[in-house]
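Everything on this sheet refers to the single structure shown next.
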Amino acid sequence: MSTGPKQPAEVMATAEVAPVRAEAVCRGRAGVQSRLGCRPLGAAAMELNAEYLREKLQRELEAEHVDVEDTTVNRCASSFRVLVVSSKFEGKPLLQRHRLVNACLAEELPRIHAFEQKTLTPEQWTRERQK
7 MSTGPKQPAE VMATAEVAPV RAEAVCRGRA GVQSRLGCRP LGAAAMELNA EYLREKLQRE
67 LEAEHVDVED TTVNRCASSF RVLVVSSKFE GKPLLQRHRL VNACLAEELP RIHAFEQKTL
127 TPEQWTRERQ K
């Protein structure tokens, strides 16, 4: 076996042989298998979804409004875009707001491939909706 990077056929062959690695293969549209952005299908991945993240952010940040969108191509819950509106962000610069969100999701972030966040105060949210 070569010591260089595996070619796609080798990766899929490995996934088909090893049951543990095969769990990481998600099925997208038309049953096409993809490894891009997919999470293992075990119990830990089941709790990591948009609704779970929305509830946790709303509860821990006492948020007035939370939107969470799963932006993963195959909806495998590994990429998310969030909007959090909370009075806890009042008087805090953007970096501190993002750190509050990151601290809230400290257990979940290691399992997330991509995470985009927008954090607003209630006043900013009201102004933005009026545009």
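Just so we're aligned: 63 in our numbering is position 57 of the sequence shown, and the numbers increase by one with no gaps anywhere. We treat Cβ as the ideally placed atom computed from N, Cα and C, and that holds for glycine. Computed from a prediction, not measured in an experiment: that's the story for all the values here.
* Asked: In or out: A112 buried (at least 16 other Cβ within 10 Å) or exposed?
  -> exposed
* To do: Please look up how many angstroms separate the CB atoms of E70 and P116, rounded, as I've assumed it's under 8 Å.
  => At roughly 28 Å, the Cβ-Cβ gap does not stay under 8 Å, so E70 and P116 are not in contact.
* Which residue's Cα is closest to the Cα of E68: V74, C82, S92? -> S92
* To do: Could you have a look at A56 and say whether DSSP puts it in helix, strand or coil?
  => helix
* Asked: Contact between the stretch 92–108 and the stretch 75–83: three or more CB pairs below 8 Å?
  -> With the rule of 3 Cβ pairs closer than 8 Å, the stretch 92–108 does not count as touching the stretch 75–83.
* Nearest to N55 by CA position, among D76, E134, T132, is which residue? -> D76
* Compute the distance between the beta-carbons of R142 and E122, then report whether it is under 7 Å. => Residue 142 cannot be examined here, being either before or after the span of the chain that is shown, 7 to 137.
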